[in-house]
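Participant: Residue numbering for the sequence shown follows my numbering, starting at 554 and increasing by one per position.
Quick reminder that beta carbons are idealized off the backbone N, C-alpha and C, glycines included.
My questions all concern the structure below.
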Amino acid sequence: MLIGIAGLGRMGRPMATHLAQAGHTVLGHDPGLCQAPEGVELVRSTAELAKASLTISMLPDGATTGDLVLNGLTDAAPDHLHVVMGTVGPELVRELADIATVHVLDAPVSGSVSMAETATLTTMVGGSPEQFERVRPLLAAMTAAQFHCGPVGAGSAAKLAVNAVLAALSQGVAEGLLIAEAGDLNLRTFYTVLRHSAAGAPYVGYKEEAFLSPETAGVAAPVSLIRKDLGLALALARTRRLSLPASEATFAVLDYATDNGLGQQDMAQVLTALRLRNGSRGA
C-alpha cells in the first residue's frame, strides 16, 4: 500500500521505518528533516502525500495537524483515510472529521521513543469498526497492541486519560522519593522496595534510572510533552465541569518545571522540580 506520513520526529521516524519494513511504499514529509528514514521517500510538500490512499500524522500539536488535514490533503481521493496519531485532543479530531474532505480517525499511541523503535507501543483508536479493521494491519506494523475505543475522538480521549495517570504516577514517585530522602533512606534501596510493593506498576520499574540517574538515562518523554497532554486533559474536563484536583496539582508542578528550564528533560524530572520548590538540589 502507498502510505503518506507527516511528522518524522523521534516517534514518527521509527514508525515510518516499520511501515516500510512491512512492505509498504512510504512517502514522508517533515520540513526539518534532511535525511529520510530507511525505506521512506521524502516529499517536499504535504500535498504530495495526498497521492496515497491513506495518510498518517504524528505531529506535535493541533494547529499543524489541522493545517495538514484541511489544507494539505485537499486533492486526495474521496475515500482517502487520514489517521491522526499525534495527541491533539478529541474535540479537534471530531471537528476535523466533520469538516475535512477526507475521512478522519484517531489512533494516538502510548509509549516512549524506545518503544516506537521496537514497535511495542499501544495505540487507542477512535473511528467506525470498519475503519478500525482497515487500519489495524498498518497499526500492527508499528505497535504491539491496538484497541478500538469507540467513535472518532475516543482514541484521543483514552490517550489523555492514560497520560493523566502517568503524570500523577510521576509526581507520586517523586514525592515518595522525597519522603524516603527525608527519612534518610538510600534512594536506590527504597526504589527496589517501591518496585516490589503494591505501588510497583510497570511504569515504576522502567523509570527507575530516569528518576535515580537522570544524567545518563536519556529522555523518553519530556516534561513539555506531558504538560501539553495534561493541559488537553484538563481542558476536556472543564468542558464537562469536572474538578480534577490531583491533575491540577500535577499540572502546576509541570508548569514550575517548565519555567525552571526542565521542559526538554524527561518527565521524571518532576523530582528535580519538587526539590527546587523545596530549596534542595538533591540528597
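Since glycine 679 and leucine 658 are thought to touch, with beta carbons under 8 Å apart, how far apart are those beta carbons, to the nearest angstrom?
Facilitator: Indeed, because the Cβ distance is near 6 Å, the residues count as touching under 8 Å.
Participant: With DSSP run on the structure shown, which of helix, strand or coil describes glutamine 822?
Facilitator: Helix, per DSSP.
Participant: Rounded to whole angstroms, what is the Cα-Cα separation between valine 718 and alanine 826?
Facilitator: Looking at the two C-alpha atoms, the distance is approximately 19 Å.
Participant: Starting from aspartate 659, trace the alpha helix (DSSP H) both ways and give me its first and last residue.
Facilitator: No alpha helix (DSSP H) holds aspartate 659; the beta strand (DSSP E) holding it covers 656 to 659.
Participant: For asparagine 831, is the classification buried or exposed, using 16 other Cβ atoms within 10 angstroms of its Cβ as the cut-off for buried?
Facilitator: It counts as exposed.
Participant: Buried or exposed: which applies to alanine 589, given that a residue is buried once 16 or more other Cβ atoms fall within 10 Å of its Cβ?
Facilitator: It counts as buried.
Participant: Can you have a look at arginine 780 and say buried or exposed, based on whether 16 or more other CB atoms are within 10 angstroms of its CB?
Facilitator: Buried is the call here.
Participant: Please classify serine 598: does DSSP put it in a helix, a strand, or coil?
Facilitator: Of the three classes helix, strand and coil, the one that applies to serine 598 here is coil, per DSSP.
Participant: According to the Cβ coordinates, are threonine 837 and valine 662 closer than 8 Å?
Facilitator: Residue 837 is absent from the structure shown; the chain starts at 554 and stops at 836.
Participant: Measuring alpha carbon to alpha carbon, tell me which of Gly664, Glu801, Ala790 ends up nearest proline 755.
Facilitator: Closest by alpha carbon: Gly664.
Participant: Nearest to glutamate 592 by CA position, among Leu561, Pro613, Arg791, is which residue?
Facilitator: Per the sequence shown, the amino acid found at residue 592 is glycine instead of glutamate. Checking every option, the nearest Cα to that of glycine 592 belongs to Leu561.
Participant: For aspartate 583, which residues in the same chain have their Cβ closer than 8 Å to its Cβ, ignoring the five residues on either side in sequence?
Facilitator: The residues are Ala559, Gly560, Leu561, Gly562, Gly565, Leu595.
Participant: Kindly indicate the opening and closing residues of the alpha helix (DSSP H) around glutamine 627.
Facilitator: Before going on, a small fix: residue 627 reads as threonine here, not glutamine. From DSSP, threonine 627 is part of no alpha helix (DSSP H); its letter is neither H nor E.
Participant: Quick one: what's phenylalanine 700 bridged to in DSSP?
Facilitator: Looking at the DSSP assignment, phenylalanine 700 forms a beta bridge with Met677.
Participant: Taking 8 Å as the cut-off, decide whether the C-beta atoms of arginine 741 and leucine 765 are in contact.
Facilitator: For arginine 741 and leucine 765, yes; Cβs fall inside 8 Å.
Participant: Could you tell me whether the Cβ atoms of threonine 654 and threonine 618 are closer together than 8 Å?
Facilitator: Their beta carbons are not under 8 Å apart, which means threonine 654 does not touch threonine 618 by this criterion.
Participant: At a cut of 8 Å, does the region 770 to 788 reach the region 805 to 823 through at least three beta carbon pairs?
Facilitator: Verdict: yes, contact present.
Participant: Going by DSSP in three states, glycine 557 sits in which element: helix, strand or coil?
Facilitator: Here glycine 557 sits in strand by DSSP.
Participant: For leucine 722, which residues does DSSP report across the bridge?
Facilitator: In the DSSP output, where bridge partners are listed per residue, leucine 722 has none listed.
Participant: Distance check for arginine 597 and alanine 799, CA to CA, integer angstroms please.
Facilitator: Each residue's Cα considered, the two are about 44 Å apart.
Participant: To the nearest angstrom, how far is the alpha carbon of asparagine 739 from that of serine 833?
Facilitator: Spanning the two alpha carbons is a distance of roughly 17 Å.
Participant: Going by other Cβ atoms of all chains shown within 10 Å of its Cβ, with 16 needed for buried, is glycine 771 buried or exposed?
Facilitator: Exposed: under 16 other Cβ atoms inside 10 Å.
Participant: Excluding the five sequence neighbours on either side, which residues of its own chain have a C-beta within less than 6 Å of the C-beta of leucine 674, listed in chain order?
Facilitator: Once the five neighbours on either side are set aside, the close Cβ partners of leucine 674 are Val662, Gly664, Met668, Thr696.
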